[in-house]
Structures are given as structure tokens and as C-alpha cells.
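Okay, so the sequence shown: first residue is 404 according to the numbering used here, each after it adds one.
Virtual Cβ for every residue (Gly too), placed ideally from N, Cα, C.
Let me begin by presenting the structure, written as C-alpha cells, before commenting on it.
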Amino acid sequence: MPPRAATLRPAVEPWCELELAVPPAAGRALLRRLAGGRPRRTRVRVAWHDSFEGTLAEEGLALEERQDGRVRCWRLVRIRPAEGGSWLPSQPAPTLAEAPRPEELGRPLPSPIAARAWLEGARLLAEAGAVRVALLDARLRDADGERARAWLTLSGPADAVTALADELAGAAPVRVPCAVPAAEALAGTAGPRPRGAGAPVLPVALGVGTAFAEVVGQLTASLLAEAPAIPAAMGVDSEPVHRMRVALRRLRAVMSLFGHAVACPALAEARLALKALAAALGPARDWDVFLAGTGRQVGAAFGGEPAVARLLAAAGRQRHAAYAALGAELENAEFRRLGVALACLAAARPWERTAPTDPDAAARRDRLLAQPLEAFAARTLRRRARHLREIGPDLSGLPDAALHAIRLQAKRLRYACEVFAPLYPGRRARRMIRRLAALQDRLGLLNDASVAAGLMASLGAAGHGHAAGIVRGYVAGAAAGARTDAQRAWRRLHRLEPFWE
Numbered sequence: 404m405p406p407r408a409a410t411l412r413p414a415v416e417p418w419c420e421l422e423l424a425v426p427p428a429a430g431r432a433l434l435r436r437l438a439g440g441r442p443r444r445t446r447v448r449v450a451w452h453d454s455f456e457g458t459l460a461e462e463g464l465a466l467e468e469r470q471d472g473r474v475r476c477w478r479l480v481r482i483r484p485a486e487g488g489s490w491l492p493s494q495p496a497p498t499l500a501e502a503p504r505p506e507e508l509g510r511p512l513p514s515p516i517a518a519r520a521w522l523e524g525a526r527l528l529a530e531a532g533a534v535r536v537a538l539l540d541a542r543l544r545d546a547d548g549e550r551a552r553a554w555l556t557l558s559g560p561a562d563a564v565t566a567l568a569d570e571l572a573g574a575a576p577v578r579v580p581c582a583v584p585a586a587e588a589l590a591g592t593a594g595p596r597p598r599g600a601g602a603p604v605l606p607v608a609l610g611v612g613t614a615f616a617e618v619v620g621q622l623t624a625s626l627l628a629e630a631p632a633i634p635a636a637m638g639v640d641s642e643p644v645h646r647m648r649v650a651l652r653r654l655r656a657v658m659s660l661f662g663h664a665v666a667c668p669a670l671a672e673a674r675l676a677l678k679a680l681a682a683a684l685g686p687a688r689d690w691d692v693f694l695a696g697t698g699r700q701v702g703a704a705f706g707g708e709p710a711v712a713r714l715l716a717a718a719g720r721q722r723h724a725a726y727a728a729l730g731a732e733l734e735n736a737e738f739r740r741l742g743v744a745l746a747c748l749a750a751a752r753p754w755e756r757t758a759p760t761d762p763d764a765a766a767r768r769d770r771l772l773a774q775p776l777e778a779f780a781a782r783t784l785r786r787r788a789r790h791l792r793e794i795g796p797d798l799s800g801l802p803d804a805a806l807h808a809i810r811l812q813a814k815r816l817r818y819a820c821e822v823f824a825p826l827y828p829g830r831r832a833r834r835m836i837r838r839l840a841a842l843q844d845r846l847g848l849l850n851d852a853s854v855a856a857g858l859m860a861s862l863g864a865a866g867h868g869h870a871a872g873i874v875r876g877y878v879a880g881a882a883a884g885a886r887t888d889a890q891r892a893w894r895r896l897h898r899l900e901p902f903w904e
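Okay, structure coming up:
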């Protein structure tokens, strides 16, 4: 159960704004329900301008000519995070400049420019308690054609916006969008450029709470961006599932790293939901790895064995079932609510308004939040590295279970190092991350035998005993030299001094 929390409501609750994607028909139905009838309506026309080469889009910008009712203006808006910057998911496009004419925006524009994409539709307005709800119900048009789109914008006190967003995501196909309207319009039917799936980039000079919000926002965007591609990816491209799983693991690691500093019920609920999603992602990824690696190699080496062919066919069916279960998970209301909850966790920062009722936990939380981020990072990294540094330089006598525990500890330390590395310029942090990754890879070969045994057991004994034995023997042979390689990787890591000291 999540820890009980006491409310610490500030004198003025922070204002929050969320932008959510919704199918047009569902959006109109929601607005009618919230308005208790016909909602207020305003005509909206937008044209996005750029050079023929897409100069502004390459900079992550868009020149927007907008008519909203009787108000007409030009805006320079951001459609992607700036280099080294970040952008919390579900946040509307930041307006960098606004003027009656483009030449008055205060920055040089490429020449010549022309309209590259258009939006035409209506803004429908309703009130839901303290929250203002606006639906942009429109058609996007570009050189490739036309398509219907709709976005909900919720504005109001942070807790009220969070509660309404959760209610809407549970009742209708309301999702955190992967791009703002301008980015989607300018990308055409190919879709907006996906965000990277690497480690989050932590801007420097932040407080502990702000750093947590930034990292959660970046990883949430990475996780949600992969979901649309997964249903069609089975057997064609294993990367969407892999990238989503890595983003999820990093999210869970970050929540563990900052957990005592940002403890609140919303965080506890998000961690439980991410754990459930991990359980759905795991089988799909395990079968992908098996069929692309060990399964393919065994099939090539024992191609004349009918039993091996039957086993690989059964493994393919298991992967299909795992992808079907994962696809159903990604389409249900709980996944939509998770996406919204993560976006609200980053944007609304609920830990600032609740605290554990345990006085010691509350005091610890306040102390951690008051620390400089560099001090918090050093303390956290020291704690994560402690168990690894207590192990001697020789792994040769350790059983497989102990090596598996070391692999997990190395993975957790690597994720922590990746989060905080921007605070430590120079090569020492990058070197430790590389050596931790190398150790993980070597120890992972030893773990493959355990994973393969579990997968073979899930196929059942009937008709697969001989082929499963071949697979287990093949994996054991492939891992024969892994202990020596792991020992070498461990010694190289063990020689490094902590970069945070």
C-alpha cells in the first residue's frame, strides 16, 4: 500500500496546463458532456510557414500564422526541445515570440518562406469545476493530403487538472501526444520525428525536485513514443519493444533514486503501474531475443532436426501470444491512465503538496529536497556503488546466483551514473558507464542459460524435450568463456576510482 500522506497545500495551488490527444468524435462527446449541452465554439485557422528546405523545422521551430476567432497574429513556436534542453510531455508548444506581422517577431527568418501545412477547425470550450477544457477539433492539411485530428487542453489548479485528466483517460481514448500539433502538421503523413531512446539529458543548475521532473518527463516521452509501433513490429523490428523496455527500466530506476525526496501517493501509484507494464513487456522481449539470437543460431546449426524446427515454430507462436497480450495492454485504459499520470507527475509535481505522515520520513524528504543537486547525486551514487565496491577483485569463486545479483547491481549503478553524468564533466563518468555496460554484457551471457531454461519450460514437455535439451546445451556452450570475460570486465571496473568523489 502507498504510504499515507498529509496534505501540505500551499497558499496558492500551482497552475497546470496539459495538452492531450483524442479522436475527434470522442473529443466532441466529452465536451458535450462536460458542457452539459452545446459548448462554446470559436473558429480557428492556422498556417505554418517555412522555407522550402525546412530551415525552421530543422531548428525545432515553426512560424505560425493564426486566426483564433477575430484575433489574428504571427507566432514563432518551438516544436521540439532545444539542443541540451527538455520539454515535459503534454505541455503545449512554447511561444517564443508573437507579433501582428512576421517581420516584427524580433529574429531573422529564412527567405523565401511559404505555408507548408494548414489547420482548420473549431475550438470548443467548457468548464469542469475549476478546470477550463478546450477542444481543438480540426483537419490538418499538407502536400500529402488531409487528416482529422483533435486535442484537449486542460487548464486550472494542478490537482484538479490531474484528477480530470485521469478521469478522462479512464473513460475515453485520451492519450499523451507524442508531438504538438505544429510538429505533427509539418511532419506530414510520415509522422513527427521520434524522440531518442537514450539516457535522459539532465540540465545542470537544477534543484532536486526539478531534476526529477525533467528526467521523468524525458523518459515518459521516450516510453510513450514507442507504443504506436509495437503492434506491427512483431517479427519485423524488435527495437520498439526493446526501446520501450529500456525507457521503462530507466523510469523505475529514477523513481528509486529520487524516491525518498519526492515521496507521495502519485509516485507510489506510478511505480506499481510501471511494474505491471514491465510484466507485459518482458515475455515479448524475451522471445524476440531468443528467436533473433539463440533460436536462429540453433536453427542454423541443427537445420536438419525436425524437433528443432517444431520447437522454433512453437517459440514463434509464443512470441505472437506475448505480442498480442502486450498490444491489448497498450490499448487499455490503464495504459492511457499511466501515460497521463506520468505526465502529471512531471508537470504538477504533487510531492510539493503532500508529505508522509511519518515525521522522520517527512524530515528526510525536506532535507533531501533542500540539498544541492550535486550533493544529492554524490550521496545517491555512493549508496548505489557501496555493495559493488565491497566485493573483492576476484569473481571466480562466486556461484551463478551471486553473479546474477552483481549484474543487477551494476545495471542499477549504470542507470544512476547515466542520470547524473551531466553534473560531472570530463571522461571519468563516461568511462565508468562503458565499463559497467561491458560487465553487464559479460554477466548477461551467464544469465542467458537461466532465461533459456525458463523459456523452454514455458513451451511444455510434449514433443520438445530433445530440442529443448539442444537449446540448453548450445547456450551453456556459448557461455563457457563468459566467466573469464566477466572476470576481465570486473577487474577493469574495479580499478576505477568513483568519479563522484
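| Query | Result |
| --- | --- |
| Counterpart residues of Leu-555 in DSSP-defined beta bridges | Leu-423 and Leu-538 |
| Exposure label - Ala-752; buried when at least 16 CB within 10 Å | According to the sequence as given, residue 752 is Arg; it is not Ala. Result: buried. |
| Assigned secondary structure, Thr-623 (DSSP; H/G/I helix, E/B strand, else coil) | helix |
| Cβ distance (whole Å) where Gly-524 is taken to contact Asp-540 below 8 Å | 5 Å |
| Contact between the stretch 450-466 and the stretch 510-517 (3+ Cβ pairs under 8 Å) | yes |
| Cβ pair count under 8 Å reaching 3, the stretch 565-580 against the stretch 420-434 | yes |
| Supposed close pair Arg-722, Asp-763 - CB separation, criterion 8 Å | At roughly 48 Å, the Cβ-Cβ gap does not stay under 8 Å, so Arg-722 and Asp-763 are not in contact. |
| Buried/exposed call for Gly-857, threshold 16 Cβ in 10 Å | exposed |
| Start-to-end residues for the beta strand (DSSP E) that takes in Val-474 | 474-481 |
| Which listed residue (Gly-868, Glu-821, Ala-813 and Leu-741) has its alpha carbon closest to that of Ala-669 | Leu-741 |
| Alpha carbon of Glu-617 to alpha carbon of Ala-712, nearest angstrom | 48 Å |
| Assigned secondary structure, Asp-545 (DSSP; H/G/I helix, E/B strand, else coil) | strand |
| Beta-carbon proximity list for Arg-481, same chain, < 7 Å, skipping 5 on both sides | Gly-463, Leu-464, Ala-496, Pro-497 and Leu-499 |
| For Glu-904, the three-state DSSP class (helix, strand or coil) | coil |
| From Pro-631, Leu-605, Phe-705 and Ala-727, residue whose alpha carbon lies closest to that of Gly-872 | Phe-705 |
| Bridge-paired residues (DSSP) for Val-449 | Arg-469 and Leu-522 |
| Opening and closing residue of the alpha helix (DSSP H) in which Pro-417 lies | Per DSSP, Pro-417 belongs to no alpha helix (DSSP H) and is neither H nor E. |
| Residues near Pro-417 in its chain [Cβ-Cβ closer than 6 Å; skip 5 each side] | Ala-561 |
| In chain order, each alpha helix (DSSP H) run of at least 4 residues that lies wholly inside the stretch 729-771 | 736-751 |
| Within 7 Å, strictly: CB atoms of Arg-845 and Ala-885 | yes |
| The stretch 579-592 in contact with the stretch 624-644 per 3-pair CB rule at 8 Å | yes |
| Straight-line Cα distance separating Thr-458 from Leu-719 | Note on identity: in this sequence residue 719 is Gly, with Leu being the wrong assignment. Taking the straight line joining both Cα atoms gives about 45 Å. |
| Leu-459 - DSSP class collapsed to helix/strand/coil | helix |
| Cβ neighbours of Ser-558 in the same chain (closer than 6 Å, five flanking residues each side left out) | Glu-420 and Arg-535 |
| Cβ-based neighbour list, Ala-703, same chain, cut-off 6 Å, excluding 5 preceding and 5 following | none |
| Where the beta strand (DSSP E) through Glu-506 begins and ends | Unbroken run through Glu-506: none, as it is neither H nor E. |
| Beta-carbon spacing of Arg-768, Ala-666 below 7 Å | yes |
| Unbroken stretches of the alpha helix (DSSP H), 4 residues or longer, contained in the stretch 633-664 | 642-661 |
| Nonlocal neighbours in the same chain, by C-beta distance under 8 Å from Leu-826, ignoring five residues either side | Leu-605, Val-607, Leu-776, Glu-777 and Ala-780 |
| Sheet register partners of Pro-775 (DSSP bridge) | Gly-610 |
| Where the alpha helix (DSSP H) through Gly-591 begins and ends | Taken as a continuous stretch (DSSP letters only), Gly-591 belongs to no alpha helix (DSSP H), as it is neither H nor E. |
| Burial state of His-869, where buried means 16 or more other Cβ atoms lie within 10 Å | exposed |
| Inter-residue CB distance, Arg-435 and Trp-477 (contact presumed, cutoff 8 Å) | The pair is not a contact, with the Cβ atoms about 33 Å apart (cut-off 8 Å). |
| Anticipated Cβ contact below 8 Å, Leu-918 with Leu-522, distance rounded | What is shown of the chain runs 404 to 904, which leaves residue 918 out entirely. |
| Residue environment, Leu-745, which counts as buried when at least 16 other CB atoms sit within 10 Å | buried |
| Three-state class that DSSP yields for Arg-898 in the structure shown | coil |
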